[in-house]
Amino acid sequence: MKLTVCGATGGTGQEVVRQALEAGHEVTAVVRDPARLPGDLAGARVVTADVTDPRSLRPAIEGRDAVLSGLGARSRGQAKAGVAAPVTRGILAAMAGCGVRRLVVVSAAPLGTSPPGEPFLDRRILTPLVRAVLSPVYDDLRAMERAIAESDTDWTVLRPPRLLNGPVTGRYRLAVGSGVRAGRTIARADLAHAMLAVLDDPATVRRTVGIAY
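Here the sequence shown stands for residues 0 to 212, numbered as in numbering that gives the first Met the number 0.
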């Protein structure tokens with residue numbers, strides 16, 4: 000497949016690019032600073048673009064089969080938290096202009112409702128605490144998800160819990176339309192693995208998908 004990866008220099012984005020190249024996909028990596036892209040990802044076509052500007056993004060998206068985005072907030076401060084929604088609106092507009100429909104993005108597990116059988120600790124203490132502490136981040140992600148749901152794209156939104164560094168294992172749980180029961184962590188490498196895996200899974204189109212170990 001011909002794939003465009005937005006946020007390719009981030010932890011998840013680098014993993015998406017790396018695994019996509021290893022799988023034989025043709026990858027376009029959208030970056031702000033090409034110097035931040037590791038040398039082992041040199042097989043990707045690198046495009047420098049302002050991801051909030053559809054005109055800037057169009058050369059990276061034209062003729063692609065799908066767009067994957069791991070872009071999001073890096074802190075709970077309001078200034079940095081409001082990143083995901085404007086970036087995603089730029090991506091959606093560029094995709095509409097290019098006629099590209101498949102989109103896979105990363106959101107966050109606390110945006111979903113508690114899955115059936117969720118333990119008391121997770122349901123009544125941990126998740127409400129995280130929502131309160133990171134409320135600016137989740138407000139931004141809710142706005143992002145609304146924009147995606149209102150679009151004409153064939154989207155999939157993955158909702159991971161706390162992200163870790165670690166190797167890809169391919170051993171994780173997915174829950175289409177729900178959170179993952181007692182799911183507290185996932186490695187960025189396995190999140191990237193799932194982002195690529197859902198690309199050709201029709202059951203995930205226009206659905207949210209929980210992911211966790």
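All C-beta atoms, glycine included, are put in the ideal place defined by N, C-alpha and C.
### Message
Based on DSSP bridge pairs, tell me the residues matched to I210.
### Response
Here the question's residue 210 lines up with position 211 in the sequence shown. Looking at the DSSP assignment, I210 forms a beta bridge with L173.
### Task
Reducing DSSP to helix, strand and coil, say where D189 ends up.
Taking the sequence shown and counting its residues from 1, one reaches residue 189 at position 190. Three-state result, D189: helix.
#### Entry: Residues near P109 in its chain [Cβ-Cβ closer than 7 Å; skip 5 each side]
Locating residue 109 in the sequence shown gives position 110, where the first residue counts as 1. Counting only Cβ-Cβ distances below 7 Å, and skipping sequence neighbours, we find T126, V129, R130, Y137.
### Query
Exposed or buried, P201, counting other C-beta atoms within 10 Å across all chains shown (16 or more means buried)?
One-based indexing of the sequence shown puts residue 201 at position 202. P201 should be labelled exposed.
#### Entry: Separation of A107 from V15, as counted between CA atoms
As a first step, residue 15 must be located in the sequence shown, where it is residue number 16. As a first step, residue 107 must be located in the sequence shown, where it is residue number 108. Each residue's alpha carbon lies about 17 Å from the other.
### Query
Going straight from the alpha carbon of A43 to that of T51, what length do you get?
Working through the sequence shown from its first residue, we reach residue 43 at position 44. Working through the sequence shown from its first residue, we reach residue 51 at position 52. Roughly 21 Å separates the two Cα atoms.
### Query
By DSSP, does V68 sit in helix, in strand, or in coil?
Working through the sequence shown from its first residue, we reach residue 68 at position 69. According to the sequence as given, residue 68 is Ser; it is not Val. If DSSP states are grouped into helix, strand and coil, S68 belongs with the strands.
### Query
Looking at C-alpha atoms only, which residue of I124, L56, G62, D32 is the closest neighbour of L91?
Along the sequence shown, one-based indexing puts residue 91 at 92. Checked all of I124, L56, G62, D32; the closest Cα to L91 is L56.
### Query
Nearest to R158 by alpha carbon, out of P166, D189, E149?
Position 159 of the sequence shown holds residue 158. For R158, the nearest C-alpha among the options comes from D189.
### Message
With H, G and I counted as helix, E and B as strand and the rest as coil, what does DSSP make of V15?
### Response
Position 16 of the sequence shown, counted from the first residue, corresponds to residue 15. In the structure shown, V15 sits in a helix (DSSP, three-state: H, G or I).
### Query
Which residues does DSSP pair with A28 in a beta bridge?
Counted from its first residue, the sequence shown places residue 28 at position 29. A28 is bridged to V4, V45.
### Query
Any idea if I124 is buried or exposed, counting beta-carbon neighbours within 10 angstroms, 16 or more meaning buried?
Indexing the sequence shown from 1 puts residue 124 at position 125. Exposed, since its Cβ has fewer than 16 Cβ neighbours within 10 Å.
### Query
Is V82 helix, strand or coil when you go by DSSP?
Here residue 82 is taken as the residue at index 83 of the sequence shown, counted from 1. Coil.
### Message
Please state whether the Cβ-Cβ distance between T27 and I60 is less than 9 Å.
### Response
As a working mapping, residue 27 is identified with position 28 in the sequence shown. As a working mapping, residue 60 is identified with position 61 in the sequence shown. Result yes, Cβ atoms of T27 and I60 sit closer than 9 Å.
### Task
Out of P53, P160, I185, point me to the one whose CA is closest to L169's CA.
Taking the first residue of the sequence shown as position 1, residue 169 is located at position 170. With the sequence shown as reference, residue 169 is identified as Gly, and Leu is not the correct amino acid for it. Selected option, being the one with the closest Cα: I185.
### Query
Can you give the Cα-Cα distance for V224 and V66, rounded to whole angstroms?
Residue numbering for the chain in the displayed model covers 0 to 212; residue 224 lies beyond these limits and cannot be assessed.
### Query
Where does G9 fall in DSSP's three states?
Your numbering for residue 9 matches position 10 in the sequence shown. Residue state, collapsed to three classes: coil.
### Message
Here's a check: name, in chain order, each residue in its chain whose Cβ is nearer than 6 Å to the Cβ of M143, leaving out the five neighbours to either side.
### Response
Along the sequence shown, read from residue 1 onward, the residue named residue 143 stands at position 144. Answer for M143: A83, A84, T87, listed in chain order.
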